[in-house]
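Participant: My questions will all concern the structure given below.
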Amino acid sequence: MTLFEKLNGRKMDVNYETGYHFMIEVLDDHRLRWTALSKRAEGAPAVEEEPFSSFELADGVYMLNWIEESGLVVSQIDDLNQGRVYAFMTWPDETGRGKRGELLHKGVLTLID
Numbered sequence: 001m002t003l004f005e006k007l008n009g010r011k012m013d014v015n016y017e018t019g020y021h022f023m024i025e026v027l028d029d030h031r032l033r034w035t036a037l038s039k040r041a042e043g044a045p046a047v048e049e050e051p052f053s054s055f056e057l058a059d060g061v062y063m064l065n066w067i068e069e070s071g072l073v074v075s076q077i078d079d080l081n082q083g084r085v086y087a088f089m090t091w092p093d094e095t096g097r098g099k100r101g102e103l104l105h106k107g108v109l110t111l112i113d
């Protein structure tokens, strides 16, 4: 079952321990919209639609990946059963290793009707 089918119109409230907080709406099998509900990176938009790819790791556990217009890359694991989310983000950063910045974080995922 795809994530779009599993969510059946519900949104995901993703609240990371790092202080980042997003509402994610899966629009179809290949597009999502995220809305920043708290802090965001400097210059980052408040809302953006992204093409994404995903696959089901186990029943109710999905891996999502997308590349934002800014070059930020997100690899996120959503555990709909346990209400947990894990993500690795990387973005262009001339001072970082491989000229990339990185952030590994985890948080709470709540399904919203």
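Residue numbers for the sequence shown follow full-length UniProt numbering, so the first one is 1 and each next one is one higher. Even for Gly, the Cβ is constructed at its ideal location relative to N, Cα and C.
Spatial neighbours of Thr90 within its chain, please: CB distance less than 7 Å, with the 5 preceding and 5 following residues excluded, ordered by chain position.
Facilitator: By one-based count along the sequence shown, residue 90 stands at place 90. For Thr90, where only same-chain residues beyond five positions count, the Cβ hits under 7 Å are Val73, Arg100, Gly101 and Glu102.
Participant: Alpha carbon to alpha carbon, what distance is there between Ile67 and Arg84?
Facilitator: Stepping through the sequence shown from its first residue, residue 84 is reached at position 84. Stepping through the sequence shown from its first residue, residue 67 is reached at position 67. Straight-line Cα distance between these residues: approximately 22 Å.
Participant: Between Arg31, Ser38, Met12 and Asn65, which has its C-alpha nearest Glu56's C-alpha?
Facilitator: Sequence index remark: in the sequence shown, residue 56 carries index 56 (1-based). The shortest C-alpha separation from Glu56 is found at Asn65.
Participant: Glu94 lies in the beta strand (DSSP E); which residues open and close that run?
Facilitator: The residue you call residue 94 lines up with position 94 of the sequence shown. Where Glu94 is concerned, there is no enclosing beta strand (DSSP E), given that its DSSP letter is neither H nor E.
Participant: Give me the Cα-Cα distance between Asn15 and Phe22, rounded to the nearest whole angstrom.
Facilitator: As a first step, residue 15 is located in the sequence shown; it is residue number 15 there, counting from the start. As a first step, residue 22 is located in the sequence shown; it is residue number 22 there, counting from the start. If you take the alpha carbons of Asn15 and Phe22, they lie about 6 Å apart.
Participant: In chain order, what residues of the same chain lie with their CB nearer than 7 Å to the CB of His30, ignoring the 5 residues before and after it?
Facilitator: Indexing the sequence shown from 1 puts residue 30 at position 30. Excluding residues within five positions, the ones whose Cβ falls inside 7 Å are Pro51 and Phe52.
Participant: Which runs of the beta strand (DSSP E), 3 residues or longer, sit entirely within the UniProt domain "MoaF-like" (9-98)?
Facilitator: With a minimum length of 3 residues, the continuous beta strand (DSSP E) runs that stay inside the UniProt domain "MoaF-like" (9-98) are 11-16, 21-28, 31-36, 47-58, 61-67, 73-79 and 84-92.
Participant: Does any C-beta atom of chain C lie closer than 9 Å to the C-beta of Ala36?
Facilitator: Checking the listed chains, one finds no chain C in this structure; it contains a single protein chain.
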